[in-house]
Structures are given as structure tokens and as C-alpha cells.
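K.L.:
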Amino acid sequence: MSGAWSPNYFFIWDGNSSDNRETETSVKNRSQKPSTKLIARERIAILFGQAQRVYAEDPLLANRYVDLARRISMRQRVRIDHEFRRRFCHHCYAYLVPGRNMRVRVHRGNVVVTCITCKKHTRYHIGRTHDRKD
Ligand SMILES: [Zn+2]
Numbered sequence: 002m003s004g005a006w007s008p009n010y011f012f013i014w015d016g017n018s019s020d021n022r023e024t025e026t027s028v029k030n031r032s033q034k035p036s037t038k039l040i041a042r043e044r045i046a047i048l049f050g051q052a053q054r055v056y057a058e059d060p061l062l063a064n065r066y067v068d069l070a071r072r073i074s075m076r077q078r079v080r081i082d083h084e085f086r087r088r089f090c091h092h093c094y095a096y097l098v099p100g101r102n103m104r105v106r107v108h109r110g111n112v113v114v115t116c117i118t119c120k121k122h123t124r125y126h127i128g129r130t131h132d133r134k135d
């Protein structure tokens, strides 16, 4: 327990959706701030990194990080990167670790991920950059 990083920080950040300084700096570009999305993606990456780290000790905490990452992506309208999207169950949103709570099979050119927690499958296309979930 380092205590240097607290999940509460993200709760505070997440709730603070309105920014007062915005009106002063620019009137034109107030609806689209690319930096906000960049920060959101960074936060998501950090959260998945944290989830990976704490999973062995506390899988439920890992799930909470996934939940926070999803909320950030929904609020900021950013997509969760490919590499992270496969790390959680799209049905119960549990953080997935191969060999622990997920099984991976390749079936007819598709990756089929089975979540041990909810017993559901998620399919991914391989080979294409554009992956669609079932
Ligand atoms: Zn699941």
C-alpha cells in the first residue's frame, strides 16, 4: 500500500465536468477541447495499469478501476483503446486476466474470450484493426 495514488482522485476529477476558465480563454473552441479527450485517454490507460497491478491482491478493486475507466470514456466520449477493451468482460465488466478469470480460444479466425465470472463469451476479429464486438 503506497498511498500515493487514490481512486478517490478520479471521483473528484470525474465529477468536475464544467470548467470556469474555459469562457475566459476562448469563446470559439469551447465545445471541442482535444486536450480533454487526450487527458481522458491517459486516465483510462492509468486506470487499466492500476487494475493490472492490483488484480492479484484485490480483484474487486481491479473491477472498480475498469468501471471508472468506462465512466470516463462515456462522459468524455472517447473510445477505450483496443488493447484495453480486451482486458475486461463486456457483459459484467470484470477485469480479465488470462488463466485466472478468462479463457481465450481461437475459433475460425475469431478470438473467443470466455469470462469465468459471468460465463459469457465475447468474440473479436483478428487481423483487422477494426474490431467489432459481437
Ligand atoms: Zn463477465
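Here the working numbering is used: the first residue of the sequence shown is 2, the next is one more, and so on. All C-beta atoms in this analysis are idealised placements derived from N, C-alpha and C, irrespective of residue type, glycine included. Keep in mind it's a predicted model, so treat the numbers as computed, not measured.
Just to confirm the assignment, what range does the alpha helix (DSSP H) spanning TYR66 have?
P.N.:
Counting from one through the sequence shown, the residue named residue 66 turns up at place 65. Unbroken alpha helix (DSSP H) run through TYR66: 60 to 77.
K.L.:
In whole angstroms, give me the CA-to-CA distance for LYS121 and ILE127.
P.N.:
The count along the sequence shown starts at 1 and reaches residue 121 at position 120. The count along the sequence shown starts at 1 and reaches residue 127 at position 126. Cα to Cα, LYS121 sits roughly 19 Å from ILE127.
K.L.:
At 3 residues or longer, and completely inside the region 72 to 117: list those beta strand (DSSP E) runs for me, N to C.
P.N.:
Qualifying beta strand (DSSP E) stretches, in chain order: 103 to 108, 111 to 116.
K.L.:
As a quick exercise: from GLN77, PHE89, SER74, LEU39, pick the residue whose alpha carbon is nearest that of CYS1.
P.N.:
Coverage of the chain is limited to positions 2 through 135, which leaves residue 1 absent and any answer about it impossible.
K.L.:
Decide if VAL114 is buried, meaning its Cβ has at least 16 other Cβ atoms within 10 Å, or exposed.
P.N.:
On the sequence shown, residue 114 is found 113 positions in, with the first residue counted as 1. Looking at its Cβ environment, which holds 16 or more other Cβ atoms inside 10 Å, VAL114 is buried.
K.L.:
Please state whether the Cβ-Cβ distance between ALA95 and THR123 is less than 8 Å.
P.N.:
What you label residue 95 is simply residue 94 of the sequence shown in a count that begins at 1. What you label residue 123 is simply residue 122 of the sequence shown in a count that begins at 1. Going by C-beta atoms, ALA95 is not nearer than 8 Å to THR123.
K.L.:
Which same chain residues end up closer than 8 Å to MET75 when comparing Cβ atoms and leaving out the 5 residues on each side of it in sequence?
P.N.:
Locating residue 75 in the sequence shown gives position 74, where the first residue counts as 1. Result list for MET75: empty, nothing under 8 Å.
K.L.:
Could you tell me the distance, in whole angstroms, from the CA atom of TYR66 to the CA atom of THR37?
P.N.:
Stepping through the sequence shown from its first residue, residue 66 is reached at position 65. Stepping through the sequence shown from its first residue, residue 37 is reached at position 36. Cα-Cα distance, rounded: 20 Å.
K.L.:
Please tell me whether, using a cut-off of 7 Å, the distance from the CB of HIS92 to the nearest non-hydrogen atom of ligand 1 is below it.
P.N.:
Within the sequence shown, numbered from 1, the residue matching residue 92 stands at position 91. HIS92: yes, Cβ under 7 Å from ligand 1.
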